[in-house]
Each structure stands twice: as structure tokens, then as C-alpha cells.
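> Add 60 to the 1-based position in the sequence shown for the numbering used here, that's all there is to it.
Virtual Cβ for every residue (Gly too), placed ideally from N, Cα, C.
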Amino acid sequence: MSGPELQPPLQLPLRQAFGWRPEVMGELAVAACEGGQGHVLTWLENLMPPQQAGTPGASLGLPQRHPTDAAAAATTTSGGGGGGHQQQKEQHSRHSWSWCDGGSESDCLEQARRSLAQSFPPMACGAARHGHAGLLDRLLDPAGRYSEQLAGLEDNYYGDNYRSLLCSIASGCPLQTLQHYYNAWVPELAAPVVLNFMVSDVLGGTSPEWRAKCDFVLRMQVWAEEQLACVQQPAGAQVAAARGEAAVARQQKVATGSLASAFAFLSFWESTADPGFAQRVRYLNGLGMIRGEWEAPVAEALAAAGNTTALRELLNDWVDEEDAWHAFGAVVIAARHGHVPVLELLWERFGVLMLADPADVVHLALIAARRGHCSSVRYLATLWLEANDDIDPTSILTDNGAEPLWDVVLQCAAWEGADTALLRLLHERCGAAVDLAAVAAGGSEDGLVWAAGVLRAACCRPGSAARTLDAALSPEQVCHVATYGNLAAAAWALQQQQPAGSAALPHPADYYMVVETKFKEEEMGAWMPRLSNHVRLWVLSARRGGASAGPGAAGAEEEEEEEEEEEEEEEEEEEEEDEEEEEEEEEEEEEEEEEEEEEEEEEEEEWAAEWARLVAFMQGHVDSRMVRWSAHQQAWLQRQAPVALFQVQDVEA
Numbered sequence: 061m062s063g064p065e066l067q068p069p070l071q072l073p074l075r076q077a078f079g080w081r082p083e084v085m086g087e088l089a090v091a092a093c094e095g096g097q098g099h100v101l102t103w104l105e106n107l108m109p110p111q112q113a114g115t116p117g118a119s120l121g122l123p124q125r126h127p128t129d130a131a132a133a134a135t136t137t138s139g140g141g142g143g144g145h146q147q148q149k150e151q152h153s154r155h156s157w158s159w160c161d162g163g164s165e166s167d168c169l170e171q172a173r174r175s176l177a178q179s180f181p182p183m184a185c186g187a188a189r190h191g192h193a194g195l196l197d198r199l200l201d202p203a204g205r206y207s208e209q210l211a212g213l214e215d216n217y218y219g220d221n222y223r224s225l226l227c228s229i230a231s232g233c234p235l236q237t238l239q240h241y242y243n244a245w246v247p248e249l250a251a252p253v254v255l256n257f258m259v260s261d262v263l264g265g266t267s268p269e270w271r272a273k274c275d276f277v278l279r280m281q282v283w284a285e286e287q288l289a290c291v292q293q294p295a296g297a298q299v300a301a302a303r304g305e306a307a308v309a310r311q312q313k314v315a316t317g318s319l320a321s322a323f324a325f326l327s328f329w330e331s332t333a334d335p336g337f338a339q340r341v342r343y344l345n346g347l348g349m350i351r352g353e354w355e356a357p358v359a360e361a362l363a364a365a366g367n368t369t370a371l372r373e374l375l376n377d378w379v380d381e382e383d384a385w386h387a388f389g390a391v392v393i394a395a396r397h398g399h400v401p402v403l404e405l406l407w408e409r410f411g412v413l414m415l416a417d418p419a420d421v422v423h424l425a426l427i428a429a430r431r432g433h434c435s436s437v438r439y440l441a442t443l444w445l446e447a448n449d450d451i452d453p454t455s456i457l458t459d460n461g462a463e464p465l466w467d468v469v470l471q472c473a474a475w476e477g478a479d480t481a482l483l484r485l486l487h488e489r490c491g492a493a494v495d496l497a498a499v500a501a502g503g504s505e506d507g508l509v510w511a512a513g514v515l516r517a518a519c520c521r522p523g524s525a526a527r528t529l530d531a532a533l534s535p536e537q538v539c540h541v542a543t544y545g546n547l548a549a550a551a552w553a554l555q556q557q558q559p560a561g562s563a564a565l566p567h568p569a570d571y572y573m574v575v576e577t578k579f580k581e582e583e584m585g586a587w588m589p590r591l592s593n594h595v596r597l598w599v600l601s602a603r604r605g606g607a608s609a610g611p612g613a614a615g616a617e618e619e620e621e622e623e624e625e626e627e628e629e630e631e632e633e634e635e636e637e638d639e640e641e642e643e644e645e646e647e648e649e650e651e652e653e654e655e656e657e658e659e660e661e662e663e664e665e666e667w668a669a670e671w672a673r674l675v676a677f678m679q680g681h682v683d684s685r686m687v688r689w690s691a692h693q694q695a696w697l698q699r700q701a702p703v704a705l706f707q708v709q710d711v712e713a
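1) I need the boundaries of the alpha helix (DSSP H) containing M108, first residue and last residue.
2) Out of P234, T332, H567, which has the shortest C-alpha to C-alpha gap to V358?
3) Could you please give the first and the last residue of the uninterrupted alpha helix (DSSP H) stretch that includes N376?
4) Taking only the alpha-carbon atoms, compute the straight-line gap between E446 and L225 and give it to the nearest angstrom.
5) Between the region 193–204 and the region 165–175, can you find at least three pairs of beta-carbon atoms closer than 8 Å?
6) Identify the continuous alpha helix (DSSP H) that holds N345 and give its terminal residues.
7) Could you tell me the distance, in whole angstroms, from the CA atom of L475 to the CA atom of V687?
8) Quick check on the burial criterion: 16 or more other C-beta atoms within 10 angstroms. Buried or exposed for A517?
9) State the Cα-Cα distance for the pair A695 and R596, rounded to the nearest angstrom.
10) Contact between the region 332–348 and the region 383–403: three or more CB pairs below 8 Å?
11) To which residues does DSSP link P268 through a beta bridge?
12) Just checking my contact of A370 with F337 at CB under 8 Å: how many whole Å lie between their CB atoms?
13) If you follow the alpha helix (DSSP H) that C472 is part of, which residue opens it and which one closes it?
14) Could you tell me how far apart the beta carbons of S592 and Q693 are, in whole angstroms, since I believe they sit closer than 8 Å?
15) Is the distance from the Cβ of Q178 to the Cβ of G98 below 9 Å?
16) Is the beta carbon of A462 closer than 9 Å to that of L483?
17) Here's a check: name, in chain order, each residue in its chain whose Cβ is nearer than 7 Å to the Cβ of P566, leaving out the five neighbours to either side.
18) For the region 168–254, list the alpha helix (DSSP H) runs that are entirely contained and at least 4 residues long, ordered along the chain.
19) State the Cα-Cα distance for the pair A188 and L326, rounded to the nearest angstrom.
20) Could you tell me which uninterrupted alpha helix (DSSP H) segments, each at least 4 residues in length, are contained entirely in the region 474–510, listed from first to last along the chain?
21) Could you tell me the alpha carbon to alpha carbon distance between Q471 and A272, rounded to whole angstroms?
22) Give me whichever residues DSSP pairs with L457 in a beta bridge.
23) How many Å lie between S435 and R396 at the Cα?
24) Whose CA, out of E285, T442, L88, C185, lies closest to the CA of E488?
25) Is L406 closer than 9 Å to A394 when the C-beta atoms are compared?
26) Taking the straight line between their C-alpha atoms, what separation do you get for Y242 and D275?
27) Indicate whether L486 and V437 have their beta-carbon atoms separated by less than 9 Å.
28) With DSSP as the reference, label A701 as helix, strand or coil.
29) Please tell me whether A428 and I456 are closer than 9 Å, where the distance is taken between their beta carbons.
30) Going by alpha carbons, who is nearest to L235 out of P82, V277, D220?
31) Identify, in the order they occur along the chain, each residue of the same chain with its Cβ nearer than 8 Å to the Cβ of E404, setting aside the five sequence neighbours on each side.
32) Report the three-state DSSP secondary structure of D570 (helix, strand or coil).
33) When we look at the beta-carbon of A669 and count the other beta-carbons within 10 Å, is it buried (16 or more) or exposed?
34) According to DSSP, is L533 helix, strand or coil?
35) Applying the criterion that 16 or more other CB atoms from any shown protein chain within 10 Å of the CB defines a buried residue, is M573 buried or exposed?
36) Please classify D506 as buried or exposed, where buried requires at least 16 neighbouring CB atoms within 10 angstroms.
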């Protein structure tokens, strides 16, 4: 969304709604650069015009914009890349940082500027790695907005900032951009250090010019090493021998050394998802890479990316049994990433090896289940059943022999949201035991109904060791399910059964103390528990337990009064027959009524006190990342307040 489209009156509520803080301006700028959104970057920059400063970049001899990129840079500028100082000044005049909390407007503006300045290296690397050459030229303009940050990079060219930036350019930008910045930045003696891993960066990038860039980098590295050898041994025999080598042989020698350790980073290569990756493999073969050193890591990287096309071409060259053993690592990786087509391809080629041990496929299913790849679990379970119909599934135990391995597979798959069909397959055909808590944590109401039915049926079978408690969730389990996001499953548990082992759920304030001991507030992530759902469940559970709340409770009191009047009329008739006995009975009834009223008052006071404790807890933790209690949830909570609490407030008023 560009600046003109997002009008100033809308900017303030959007920032407040999303909790936009000045210190995240740098993160937003990095995202804009990675996506090539120059107009978004301009909009962010216009919110905080730079302080007056010189252009130190020009005095350091940093590269000026090369002519061939002038058109691209101009396009970036006109599309939001620059916008001019006048545009920045006008837009900033309509913007205010007064909405920020915890500081003055000038302090917030300074924080935003600092965040943007500190994010300059990842901004430039992000634009380069994703091939946005025009935006990169604008960022690296010595006379541009970021001249001070550009000049603040390492001066000696050995620094990580320049090296990372140049490797990012090699990965994503065109050959012409790489040549321009390489020639401008890299002195002769620094070239071997800078070029050390650049071939790997080029091969791992998605630029269509990867072959030409690889050739350029290798030529530069050969030339740089020759120059370095001349400086170190100007008259040495080795220098003369090196110059006498054929150019191709020297290039292959350099490439072999450069790529020797590069395969450890294959999992980070974006190009592994390219169906034409086999061309890079053939390029490696042409460089003289030693057979047996690179096949396995390449196969694993392709399996992780789900690139069956390139993996099939690679496997076509594997004819020896020794090569086949390289595939098992790829099988594990495919299961870990949940790529069923890759598993099918590897089973087609190396099925016998995959089933050498019956437990291997079960372990693969467990790997997939732990990461929520239910389709892979279903495929591997079906594969195992077809190949091992004569083996008792419960005989496959965990490594420590504590329980059947299929039980753990079902537990993990259920926790990650497996559907009822997969749960039935694992239970009925693989012999896995049903874990109701795991099904509740990740499953639907349909899965819960099935799981509870299986456990209840097991309790009814003669001689079964199953317990009734196994078919119910404890209060702690209900809380756990709710706080991790499955409110539907937790609500189902409350509707179908009173949680076993206790009459009520823990108070949110008490449960918060339990959760807080396990997790630190500042380390909260997206997968951490949230107590807002538990608060809702606690309110519903407390109301089910008989607590008075809302008009329904008031109506119940009126019915009780009518019943009392009828009883009084009957008592008057009895008084005529036996006044003495009636007086005694009245006294006893009055005493009982007084006791009941006192008990009801005590219960209402206790409920009001628990409610007041809840309100105080929510007010004290309204900004907590663990609670996350929004305005509409606060309004809902107020509507659920007990009648007794309103009566107390009316009396106090």
C-alpha cells in the first residue's frame, strides 16, 4: 500500500490497532527491500525525514551509480524509490508521532530514525539477494539518504558487512551489477577472502545468469590467487608452474577448493526448488568435483525442497548399491518436510533398503507426525501395513522399550491436528492406543467424539484394564487445551462431562501462576499458551456450577419466592389444627430458611469475591502477551458479571 493510498486520518488507528512501535521501522524497511517495494520504503522514509548531514560516502571513493542501472534506478525513484526532499517534508508535516507511548514525539521520531539506520545492512542485502538491482543502487548511492550508513561499513573490505553484501549481490543480482560492485569494492589482495564462498552463493541463488556469474567469480579467484602468489613469492618456482597450468585446470582446482565446504549450506540454497537444478549438478561435474562427496547432501537438499524432477535426474545416475545408501538420508529429510511425492520416488527406487528394518518406516512416520505432516504419516502407515502384514504392530517398541512406537505416532499426529480417518487407521490397523488429551489438543469435535467413544467402549469390555477416567479430561487438561487455542475442544469437554477429578476449573489467576513458572513473558512466541480462552471457559464452568449471574438468576429467585408463599398458606391451615406443633415447625423452618439464606449469601459473596479477583487479574494483565485480553473481550466479561456483584456496587453507590 502506497503513501497516497493510506491517508493520514487512517494511519493513526491502524498503527494503534497493530501495536506499531517506532523501533520496528527498521524491520518494515527490511521487508520492503526484500520484496522490492520501493514505494513502501519511500512512504516509511517520508514519515521520518533524515537529519541534515553531509555525504561522506563520496569522500571515501565508494562506487557511484553505473550508467547501465540509471534507468532502473530512475524507475525505482519514480515508483516510490526517492520521492524528493520536498515530498518528504510535505508528508511529514501531515504526520505526528504523538500516538507513541512511553516518550515524547521527538524521542519516538529519533527511535524510528535509529531503527532505520541500524537496519541498513540487512536492507541492502535483502534487496540484493532478491534481485532488486534498481532499489539496491538507490540504497548504495553515496549521495543518497543512506550515505552515512554506507560510509560506516567496514573500511578494509574484509568486514562481514561488505562481504555479506557482495555475496548477496552474487546470489540474486544480474552479472552486470555483480561486476560493477566487485570492481569498485574489492582490491586485489582482498579478493581471495571475499570470493571464498561466492561460488556457493551464486549456485544457491535463483538468478537465471548463475552460470555466467560462476564463471566470472572463478576467473576472478584464479586471477586474485595468482596476484597474491606474485606478491608473496615474486620469483618462486611455484608461481611459474601455476602460470604454466592450463586456464581450465586452474579454474577447476580453485572451484574444487571453494566448494569443498559449501555443501554444508545446501539446505539454504533457494535454487534447490528449481526444477532445472540438475543443470547445476552437471556444472559441478564439469568442474571436476570428486564423486561420492556431494551426491548425498545434494539429494537431501532436493528432498527437503520437494524437487522430485531434479531428484529423479540425479537418481538416474546412481547405479551402484553404494550410491543407493546415500538415499536413506534423503528419505528422512522427505519425511521431516512432509513431501509425499519424494517419498514415493525414493520408495520406487530404494524400497528394499527402506524396509530393511520394520521399525525404520515407523520411525519415519514418527518424524513426520511430530511436524504435523499427516499426509506423510498416512502414506508411511499404509506402506508399512502392506509390507508387514505378518508382524504385530504393537511389537515395534520405542528405543527405550517403554511403549509401542505406533502409540507415540498417534499421540504426535493427534496433537498436530490429524483427522479422524488417520486416527482410526493408526488405532484400528496399527494397534495404536487412543490418547484423548492429544486428540483434544489438536483435533476437532468429530475426533473427540470418536476418541471418547473408543475409550468408553474399552471400559465396558470384560477384563479390560481401561479406567473410566481415561475417557474424560481432567480440569488441567481442559485448561491446557483451551490456552493452546483449541477452544472448541475444551468447550465440548465442558458440555459433555464435568471434568474428572475436580468440580471446577482452576481460577485464571491461579492457572496463570502455573503457566508463568514454565514460560517467561519476554520469550513468548506464537506457539505459547494464551489465557483468554481459559477465562471464557472458567466463566462458563462457574455459571454451570450454580453461580448466580444475569437475569436468569433473578428469575430463579422469583420462582423460589412463589414456592415459599404456597408453603406459608399450607402452614396456616395446619396452624388451625395444631397451633402448638405449627409454632414449633415454624421456628424450625425459619431456622432452616435462615441457614439456607446465610449459605446462599456466603456463596454469592464467595462468587462475587472470585469475580472481583478475576476482574483485578484481567485489569492487571491487560497488556500481557500471555493474556491478550482485547476490548471486546473485556465488554463480554462485564456482561457476565454476577448479580450479587451489581448489588454490592449499588449499595456502595
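Concretely, from the data shown:
1) Where M108 is concerned, there is no enclosing alpha helix (DSSP H), given that its DSSP letter is neither H nor E.
2) T332
3) 368–376
4) Taking C-alpha positions only, E446 is separated from L225 by approximately 52 Å.
5) no
6) 338–346
7) Correcting the residue type first, residue 475 is Trp in the shown sequence and not Leu. Their Cα atoms are separated by approximately 23 Å.
8) It counts as exposed.
9) 12 Å
10) no
11) Answer is none; P268 lacks a bridge partner.
12) So it is a contact: roughly 4 Å between Cβ atoms.
13) 465–475
14) 6 Å
15) no
16) In this structure, L483 lies away from A462, with their beta-carbon atoms at least 9 Å apart.
17) P535, C539
18) You should have 180–189, 193–199, 207–211, 220–232, 235–245, 251–254.
19) 20 Å
20) 480–484, 496–502
21) If you take the alpha carbons of Q471 and A272, they lie about 51 Å apart.
22) P464
23) Cα to Cα, S435 sits roughly 12 Å from R396.
24) T442
25) Judged by beta-carbon spacing, L406 lies within the 9 Å limit of A394, meaning their Cβ atoms are closer than that value.
26) 14 Å
27) Contact flag set, yes.
28) Annotated three-state conformation of A701 is coil, per DSSP.
29) no
30) V277
31) Y439
32) helix
33) exposed
34) coil
35) Result: exposed.
36) exposed
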